[in-house]
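Note that the protein sequences, when read in sequence, are chains D and A. The numbering of the first sequence is this note's numbering, which starts it at 2 and goes up by one. The numbering of the second sequence is this note's numbering, which starts it at 4 and goes up by one. Contents: one structure, followed by commentary.
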Amino acid sequence: MPDDESRLIAETTGRILQSADLTAAATAVEQGAWPQPLWAALDDAGLPLTWVPEDAGGVGAGPAAGFEVVRLLGLHAAPVPLAETLLATRLLALAGVQPPEGPLTLALAPDTARIGASGRLTGHADAVPFARHCETLLVIAADADGQPVLCLLPRAACTLTPGQSIAGEPADRIAFDAKPLATAKGLTWDACRAWGAAIRAMQMAGVLEQVLNLCLTYAQDRVQFGKPIGKFQAIQHALAELAGEVAAASAAADAAARELARSPSVDAAALAEVAAAKIRCGEAASLGAAIAHQVHGAIGTTYEHSLHLYTRRLWAWRDSFGPEAEWSLVLGRAALAGGGAGLWPFAAR
Amino acid sequence: MTVSFRFDPADMPPGADALRAEVREFLQQERARGSFDPVLGTPTGLSRDFSRRVGARGWIGMTWPQAYGGHGRSQIERYIVSEEMLAARAPVRAHWVADRQSGPLLLHYGTEEMKRQIIPRIVRGEVTFCIGLSEPNSGSDVFASQTRADRVAEGWRINGTKLWTSFAHHADYMIGMFRTAPATKEDRRYGLSQFLVDMKTPGITVRPIINMAGMHDFNEVHFQDVILPAENLLGTEGRASDQATAELAYERSGPDRFLETFSILVALADALGPDASDAAIAAVGREMAHLRTLRHMSLSVAGMLNRGATPTVEGALVKDLGTNWEQALPGRMRPVALPPGADRTALDAVLRQFTLLGPKMTIQGGTREVLRGIIARGLGLR
C-alpha cells in the first residue's frame with residue numbers, strides 16, 4: 002500500500018494525466034512540438050519538484066512518492082520528460098546540488114564525455130531524451146580518474162543534433178566544449194545507472210498495466226465469428242500470459258523502488274535488486290508488447306490506434322539505462338561471488 | 004473493469020532472520036552427516052528419519068493450534084522454513100503433503116478424536132499423507148470423479164480407483180475425494196465428499212507407476228469394498244469442491260512451485276568456478292532475476308493469505324510463472340559453456356534428472372491450461 006504522501010501525489014498526478022489529451026500530445030511531440038499545456042499542468046502541481054529537497058525549494062517527498070508518479074507516467078504514456086526531471090533532481094539532491102528550474106534531462110556518458118582538470122566538459126552524448134526542450138541538461142561525465150562528475154550545462158552551450166527514440170520522443174545528440182554551470186562528485190556510476198534503470202523499470206511496469214487493460218477492453222469489444230474474441234481460449238491464454246508478465250514487472254519494479262528507498266546511494270544489495278528489476282521488466286516489456294499486438298490484430302498496428310503509443314515506449318525503455326544483457330552481467334557476477342553454496346543466500350536476502 | 008497488480012511485501016515477523024539462520028544450520032549439519040546432496044537431494048526425496056528430525060525441531064505444523072500439538076507460529080515463518088528446505092533439496096516428502104494441506108484440512112473438518120490422534124503425529128514427523136484426487140477418467144476435470152462411497156451399516160463402502168497418487172506406497176493415510184451422490188444439473192460440482200482413509204484398511208491395493216525418470220512417485224490405488232467408519236467423512240457431504248478451494252489457494256503459489264529445479268543453478272555455479280565467461284555469468288544473472296521476482300510475488304501472496312485474503316488470481320499467476328520458469332531452467336542452462344577443464348558430472352546428472360522430470364511440472368497440481376483458465380476468469384474474460 003502506498004503511504005499517505007505517495008497516495009496524495011499519485012492522485013494529483015493521475016487527475017492531471019487523465020484529463021489531458023495525451024494521444025494528441027504524443028503525436029505533437031513526435032512531430033517536434035513541446036507539450037506546453039501538459040507540462041504546465043504538471044508544473045503547476047509542483048510535480049517536477051517531487052524529489053527536490055524542501056530546503057532547496059522542493060516538495061521533498063520520499064522515494065516511494067516519486068516512484069508512484071513514475072508508474073503513472075508509464076501508465077498514461079505521458080510524452081513529457083517528467084521521469085527524466087525526477088531522475089536528474091534525485092541525483093543532484095544526492096550530490097548536494099541545487100537543481101535548476103524547468104524540465105531536466107540526463108545524459109549518462111562515461112565513455113564519451115570528459116571533464117578535464119581545467120573544468121571544461123568536452124565530448125558528446127547520444128540519444129538524450131527531450132534534450133532540445135530542456136534549458137539545462139545534466140551530463141554525467143568521467144574525470145581523469147574515470148570517476149563520475151555531475152555537470153549542469155546550458156543547452157545553449159551545446160551543439161544539438163535532433164534524433165528520435167523508437168517511441169517517437171526526442172532523443173538528441175549533444176556535443177559540448179564548455180564550462181558547466183555547476184559540478185558535483187560523490188556518486189558512483191552504479192548509483193547513477195541504478196536510479197535510471199529503476200525509473201525505467203517502473204515506467205515499463207506502468208505501461209504494461211495499461212497495455213493489459215487495453216487488451217481486455219479490446220477482447221471484450223471486438224466481435225468475430227459471432228462472439229467477442231475474448232471468449233476464445235487462445236485469446237484467454239495469451240492474456241493470462243500477459244497478465245503474468247504485468248504482475249511480474251509490477252513486483253520487480255516495486256522491489257527495486259523499495260531498495261532504493263532503503264539505500265539511496267545504492268549499496269550492493271540495492272544494485273542487485275535494481276538489476277533484477279531491469280532484467281525482468283525488460284523481458285516483460287518484450288513479451289507483453291508482442292502479445293498485445295497479436296491480440297489487437299491489424300488495427301493495433303496502425304498509427305491511428307493508440308496501442309503503439311504504449312508498445313513503442315516499452316521498446317524504447319527496455320534499452321534505456323542498460324538493456325537486460327548488461328544488467329544480467331551485473332546480477333550474475335554478484336550472484337556467483339559465493340559459488341554454489343552462496344547462491345541461495347544471495348537469492349533469499 | 005480495470006486490472007492492477009500490486010505485490011506488497013509480506014510483513015516479516017520478529018525473529019525471522021534468526022529462524023532462517025537456525026534452519027540453515029540444521030541443514031548444514033544434515034548435509035555434513037550425509038542425509039542428502041545439495042544438488043541431487045536423495046534418490047526418492049523421502050526420508051522418515053529426516054522428517055522426524057525436522058519435526059523434533061518444531062518445523063512441521065508450525066501454524067497449527069498448540070492445543071493439538073501445533074506451534075502457533077505465522078504463515079511467513081512457515082514459508083521461511085519451506086523455502087530453505089526446498090532450496091537445499093532436503094528430503095521433505097514424507098511430511099510435506101501432511102504439513103501443507105492434509106493437517107489443515109483435518110483441523111478444519113476432522114473430528115476431535117482424529118485431531119487428537121493424528122495431528123500430534125504429523126507434527127512429530129511420524130505420519131505420511133497422500134491425496135486421492137485424480138482418477139483414470141478425471142484429471143483436470145477433477146469433479147468428474149467416479150470412485151464411489153456408498154452408505155452402509157458400518158459406515159461407507161468405497162469402490163473405484165485413484166490415479167497419480169504420489170507416495171501412496173509410503174502413506175499412512177489418504178485424504179480421498181469420493182462420490183457420495185450424483186452431480187446435479189444445476190451444480191456439476193455437487194456430490195463429492197472428502198474422507199480420511201487409513202491406508203492399512205483391507206481392500207486397498209497400491210500399484211506403482213514408474214515415471215520417465217525411472218522413479219516411483221506415483222501410484223494407482225484400487226479400492227474394493229473398502230469400509231470406512233462413518234466419522235471418516237470430513238466436513239459436509241457432497242461439498243468437497245468448496246472445501247478443496249481454500250486448500251488450493253495455499254497449494255498454488257508456494258515456493259515448491261518454482262524452487263523444484265533450483266539446484267541446477269547450484270551445480271552450474273560450482274562447475275563454472277571463478278573463470279566463468281561473460282555469457283555464462285549473464286545466463287545465471289538472467290535466471291536470478293526471474294527467481295527473485297518469483298520469490299517477491301510468492302512471499303507477497305503468503306502475506307496476503309496471512310491477512311485473510313483469498314488471492315486466487317495472484318496465486319494462479321505465481322504458479323503459472325513459477326512452474327514455467329522452473330521447467331524451462333534445464334533447457335536454458337544446458338547450452339551454457341563451461342571453462343575448459345571444468346567438471347560437468349554433477350551438472351549433467353541434475354540436468355538429466357530435471358529434463359526427465361520437467362514435463363510433470365506444468366501438469367501436477369493443476370495444468371498450465373487450467374491455471375490460465377482461472378487467470379482468464381479473474382481477468383473477467385470468462
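Quick reminder that beta carbons are idealized off the backbone N, C-alpha and C, glycines included.
Chain-ordered chain A contacts of residue i [CB-CB under 7 Å]
{"i": "D/A336", "result": "V287, G288, M291"}
{"i": "D/R281", "result": "A292, H293, T296"}
{"i": "D/L344", "result": "L268, V269, A272"}
Exposure of residue i, with buried meaning 16 or more beta-carbon neighbours within 10 Å
{"i": "A/G135", "result": "buried"}
{"i": "A/F226", "result": "buried"}
{"i": "D/Y304", "result": "exposed"}
{"i": "A/I284", "result": "buried"}
{"i": "A/K165", "result": "buried"}
{"i": "A/M215", "result": "exposed"}
{"i": "D/T90", "result": "buried"}
{"i": "D/K279", "result": "buried"}
{"i": "A/V155", "result": "exposed"}
{"i": "D/L154", "result": "buried"}
{"i": "A/G44", "result": "buried"}
CB contact check: residue i to chain A, cutoff 8 Å
{"i": "D/H297", "result": "no"}
{"i": "D/Q237", "result": "yes"}
{"i": "D/D400", "result": "No answer is possible for residue 400 of chain D: the residues shown for chain D start at 2 and end at 350."}
{"i": "D/R259", "result": "yes"}
{"i": "D/G289", "result": "no"}
{"i": "D/E6", "result": "no"}
{"i": "D/V331", "result": "yes"}
{"i": "D/G120", "result": "no"}
{"i": "D/E325", "result": "yes"}
{"i": "D/G231", "result": "yes"}
{"i": "D/E210", "result": "yes"}
{"i": "D/L23", "result": "no"}
{"i": "D/L73", "result": "no"}
Presumed contact (8 Å Cβ cut-off) between residue i and residue j, rounded CB distance
{"i": "D/A336", "j": "D/L330", "result": "Rounded, the Cβ-Cβ distance is 11 Å, inconsistent with contact."}
{"i": "D/L261", "j": "D/P64", "result": "6 Å"}
{"i": "D/I116", "j": "D/A158", "result": "So it is not a contact: roughly 14 Å between Cβ atoms."}
{"i": "D/W318", "j": "D/Q211", "result": "Not a contact, Cβ separation roughly 13 Å."}
{"i": "A/R160", "j": "A/I230", "result": "6 Å"}
{"i": "A/G106", "j": "A/I83", "result": "The Cβ separation is near 18 Å, so there is no contact."}
{"i": "D/V129", "j": "D/T160", "result": "No, D/V129 and D/T160 are not in contact; Cβ-Cβ is about 12 Å, not under 8 Å."}
Residue i at chain D interface by Cβ criterion, 8 Å
{"i": "A/T183", "result": "no"}
{"i": "A/S7", "result": "yes"}
{"i": "A/E138", "result": "no"}
{"i": "A/R119", "result": "no"}
{"i": "A/H98", "result": "no"}
{"i": "A/A387", "result": "Because chain A in this structure spans residues 4 to 385, residue 387 of chain A falls outside the shown range and cannot be described."}
{"i": "A/D40", "result": "no"}
{"i": "A/I284", "result": "yes"}
{"i": "A/D323", "result": "yes"}
{"i": "A/M300", "result": "yes"}
{"i": "A/R375", "result": "yes"}
{"i": "A/D144", "result": "no"}
Proximal chain D residues relative to residue i, where beta-carbon distance stays under 9 Å
{"i": "A/I378", "result": "Q237, H238, L240, A241, E242, A244, G245"}
{"i": "A/R12", "result": "Checking the sequence shown, residue 12 of chain A turns out to be Pro, not Arg. Within chain D, the residues near A/P12 are D255, A256, R259."}
Residue(s) in a DSSP beta bridge with residue i
{"i": "A/S196", "result": "A/F181"}
{"i": "D/T106", "result": "D/L138"}
{"i": "A/S141", "result": "A/E138"}
{"i": "A/F463", "result": "The structure shown has nothing for residue 463 of chain A, since chain A only spans 4 to 385."}
{"i": "D/P149", "result": "D/A143"}
{"i": "D/H306", "result": "Per DSSP, none; premise fails for D/H306."}
{"i": "D/G124", "result": "D/A114, D/F177"}
{"i": "D/Q99", "result": "Partner(s): none; D/Q99 has no beta bridge."}
{"i": "A/R151", "result": "A/N162, A/R182"}
{"i": "D/Y311", "result": "Answer is none; D/Y311 lacks a bridge partner."}
Within chain D, the residues that residue i reaches when beta carbons sit closer than 8 Å
{"i": "A/M307", "result": "Here the premise fails: no neighbours, minimum Cβ distance about 12 Å."}
{"i": "A/S303", "result": "A252"}
{"i": "A/E86", "result": "A349"}
{"i": "A/L275", "result": "L337"}
Proximal residues of chain A, C-beta to C-beta of residue i below 9 Å
{"i": "D/L9", "result": "Residues of chain A passing the Cβ test: none, with the nearest at roughly 17 Å."}
Residue i beta carbon near the ligand GDP (any heavy atom closer than 7 Å)
{"i": "D/A290", "result": "Absence of the ligand GDP is noted for the structure shown, with no ligands found whatsoever."}
Contact list for residue i against chain A, beta-carbon separation under 8 Å
{"i": "D/L217", "result": "M4, V6, L382, G383, L384"}
Beta-carbon neighbours of residue i, restricted to chain D and to distances below 7 Å
{"i": "A/L320", "result": "A244, G245, A248"}
What are the residues in the region 332 to 353 of chain A lying within 7 Å of chain E by C-beta distance? Going by chain labels, chain E is absent from the structure shown, which instead holds the protein chains D and A.
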